[in-house]
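Residue numbers (our numbering): 13 to 467.
Note that CB positions come from ideal geometry on N, CA and C, so glycine has one too.
Since the structure comes first, as structure tokens, the remarks are kept for the end.
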Amino acid sequence: MKGWRNLSVVETIYEEEQEELSNSSPTPPTNTTSVSSLQTIVDSWTKATGVETDVVIRVHGRCFRLHKDPLIARSRYLKRLLTESDDITVSLPSKITAEAFALVACFCYDSNVVITPFNVITLRVAAELLEMMDDNGAVDANLRHKTETYFCQAVAVNREYAAIILRTCLALLPEAEEMAFLVSRCIEALVSTDGVSDGVTDGWVDDVVALTAEEFQIIADSMKGRFTGCHDLLYRIVDIYLKEYTGNLTEEQKIRICTAVDCNKLSQHLLMHAVQNPIMPLRFVIRAMLIEQLNTRQSFSAASITNAHKPHDECITLGAILHRDAARRHVAQLKASMDATSARIICLENDLIHMRKQLHESEKKRKTLESTRSASFRFSWEDKKERGMQPSPMDKSCSITNPRNSKSLSKILMSGLKNMFRTSKPDSESGCSSGGDGDVEVVRPPSHCKNHLFA
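Structure follows, in structure tokens:
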């Protein structure tokens, strides 16, 4: 192993020392460079140690014939799999390509891989999934530590690097949800380079706004945990996103996205903006109203306590008078704002009550109409069927009675009518003739039969 480390066979993309970060534009690496370099390293390892390749690693359809010892020395994940079999398949996110795995394998062969803004995130994700963290605390043997160090340096000193890394992180969502934390760090770095704590610029915001609702939700939740002090930037990004997709998002999606914004951490002017923002969901607007009212009451209380402790014999100067007048105007503005907020809350509550009342009346009318139709057509359908008539579509749609009970009732009525016409023998005088089963077949009954029937 010692002799191997003294070999000088690594190609130019690998260096002993990491290049210093500069403001020059980085050049994307080609896809075949890492694979060809890995093959050169593997061949050199075979010549130096006399050990042929003894394991096969399959990644996204690509097959790598490598040596087992360097792999299990740097990756706990590969060590577990290679203990069971010498031919394994490594499952990585689709955006972690076979070329990225080739760079990781080069690192396992003690080659110092050049990290760039284009590969730092893929290398970091691969290092975490393959558990490439040295147990002995050796920094040079810990790929995750090396990528983290480069990430911190890149996003801090170069705005272009930060934008490139941000796009790489977004491309890995939602497969690698841990990327959301790195996205929030990139956004924080980009904003700090703008010199505005809550400002947004079109360049990187467009990349974030192009995300799906699920992906943006992940980013918003991550920013909520990252920006613990102020949520002004998060609110602005959420506002831009909702405006962009205002017709494509459901109310539930809007509510879940806005849940990431803590109204208690908004500045006063953005809190008022949230109260008057028609794009925001109603639940979020009401929450902002309540926070705004609370802040206004606290301001009133603080002003009252200050005036109560002011000495009466204090010499009043022109500056004090101007300060007092400014304070009064501020209090008046706060009171007007609170009144407007209260009025809107009342208006929204009245609207909700009116909507509930309309829904209740509509439901009540619907039930009444269904009940009326059921009562009107209950017997018409079965009655027509007994008489051999075809029921109309309206009869079928409106009849909601139990067919079995209706049929039993019809049989009872018909049986009673037949019993009333039943006779023991034929009566020629009556004009009635009996059938074979004793049931009477009616043929123009005379008046005395009618009187007997309805007596």
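Residue state for residue 195 is assigned as helix, using DSSP reduced to three classes.
The alpha helix (DSSP H) runs lying completely inside the stretch 96-123 and spanning 4 residues or more are 110-120, given in chain order. Separation of the CB atoms of residue 47 and residue 114 is rounded to 5 Å, and the pair is thereby assigned contact status at 8 Å. Taken through DSSP and simplified to helix, strand or coil, residue 69 comes out as strand. Of 202, 116 and 275, the smallest CA-CA separation from residue 51 is found for 116.
Counting the other Cβ atoms within 10 Å of the Cβ of residue 125 gives 16 or more, which makes it buried.
Relative to residue 199, the option among 87, 96, 290 and 246 whose CA is nearest is 246. Within the model, the alpha-carbon separation for residue 299 versus residue 259 is close to 23 Å. Boundaries of the beta strand (DSSP E) harbouring residue 78: 74-78, taken from the DSSP string. The stretch 247-283 contains, as complete alpha helix (DSSP H) runs of 4+ residues, the segments 263-270 (chain order). Rounded to whole angstroms, the gap between the alpha carbons of residue 93 and residue 305 is 60 Å.
Residue 184 and residue 241 have their C-alpha atoms some 28 Å from each other. Put simply, of 196, 216 and 204 the residue whose alpha carbon is nearest the alpha carbon of residue 229 is 196.
Of the other Cβ atoms in all chains shown, 16 or more fall within 10 Å of the Cβ of residue 71; this residue is therefore buried. The stretch 127-140 and the stretch 102-114 touch, with no fewer than 3 CB-CB distances between them shorter than 8 Å. With distances taken between CA atoms, residue 176 lies nearest to 215 out of 193, 141 and 215.
Rounded to whole angstroms, the separation of the alpha carbons of residue 194 and residue 284 is 31 Å.
Secondary structure within the stretch 151-189: the alpha helix (DSSP H) runs of 4 or more consecutive residues, fully enclosed, are 155-169 and 171-183 (chain order).
When DSSP reads this structure, residue 63 sits in no beta bridge, so it has no partner.
By the criterion of a C-beta distance shorter than 7 Å, residue 96 is surrounded by no residue of its chain, once the five residues flanking it on both sides are discounted.
The Cβ atoms of residue 102 and residue 69 sit closer than 7 Å to each other. The three-state reading of DSSP puts residue 126 in coil, since its state is none of H, G, I, E or B.
The beta carbon of residue 234 sits closer than 7 Å to those of 192, 193, 195 and 196, all from its chain and outside the five residues before and after it, given in chain order.
Assigned with DSSP and collapsed to three states, residue 145 falls in coil, not helix or strand. With 16 or more other Cβ atoms from the protein chains shown falling within 10 Å of its own Cβ, residue 174 counts as buried. Around the CB of residue 367, fewer than 16 other CB atoms lie within 10 Å, so the residue is classed as exposed.
In the three-state DSSP reduction, residue 292 falls in the coil class, being neither helix nor strand.
Taking C-alpha positions only, residue 220 is separated from residue 362 by approximately 38 Å.
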